[in-house]
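Peer 1: Questions regarding the structure given below will be posed in turn.
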Amino acid sequence: MLIYRISSSKYIEDLSGAGAKQYGGRWNNKGTAVVYLAETRAMAVMEVLVHLSPEQVDRPFVLATFDVPDDKIYDISIFDLPEDWRDPQTADELKKIGDKFVRDGIYLLMKVPSIILEEEFNFIINPNHPDSKKIKLVNRRDFVFDKRFKT
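Note that the sequence shown covers residues 83 to 233 in this note's numbering.
As structure tokens, then:
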């Protein structure tokens with residue numbers, strides 16, 4: 083299965099989860115290593131874009147395609163989540179789900195609905211899972227956001 087990531091060139095191939103471990107994220111607390119990727123290139127664009135200021139849109143990025151084993155996926159349905167799962171007040175509930183996913187170590191991937199568009203999905207990689215070594219970089223290319231995103 084192919085999934086996608088946009089990042090700076092320095093970190094694009096780093097699948098250790100160090101950044102998410104240091105800062106935390108929607109699906110993990112600080113101290114829990116995970117890697118966030120998207121189901122589609124377009125979703126990867128959106129997931130990065132929502133975090134950028136207009137000045138940051140001009141920075142150079144890399145779009146990477148990874149081939150990941152798809153036989154160990156923990157699929158989180160929107161119906162498994164609290165009704166107000168998009169509300170920042172319920173962020174702790176989502177972090178608990180992600181931390182447990184990593185702690186249990188059963189699955190390589192957790193498929194989660196995107197906060198941006200719940201019908202689209204992101205994938206959380208457990209870098210501690212033995213199958214993480216099977217993840218392969220298929221392609222990487224320079225990526226520049228369309229300048230119209232600055233307005």
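Every residue, glycine too, gets a C-beta built ideally from N, C-alpha and C.
Candidates Ala120, Glu95, Pro151, Thr147: which alpha carbon is nearest Pro212's?
Peer 2: Nearest of Ala120, Glu95, Pro151, Thr147 to Pro212, Cα basis: Pro151.
Peer 1: For the region 219-230 and the region 128-148, state whether three or more C-beta atom pairs, one from each stretch, are separated by less than 8 Å.
Peer 2: yes
Peer 1: Evaluate Lys103 with the Cβ neighbour count: other Cβ atoms within 10 Å of its Cβ, from every protein chain shown; 16 or more gives buried, anything less gives exposed.
Peer 2: buried
Peer 1: Just to confirm, are Ser196 and Met125 a CB contact at a threshold of 8 Å?
Peer 2: Yes, the pair counts as a contact, with Cβ atoms nearer than the cut-off.
Peer 1: If I'm right that Leu190 touches Lys215 with Cβ under 8 Å, what's the distance once you round it to whole angstroms?
Peer 2: No, Leu190 and Lys215 are not in contact; Cβ-Cβ is about 10 Å, not under 8 Å.
Peer 1: Excluding five sequence neighbours on each side, which residues of the same chain lie with their C-beta closer than 6 Å to the C-beta of Gly106?
Peer 2: Lys112
Peer 1: According to DSSP, which residues form a beta bridge with Lys218?
Peer 2: Beta-bridge analysis with DSSP links Lys218 to Asp149.
Peer 1: Verify whether the separation of the beta carbon atoms of Leu199 and Trp109 is less than 8 Å.
Peer 2: It is not a contact, given that the beta carbons lie outside the stated cut-off.
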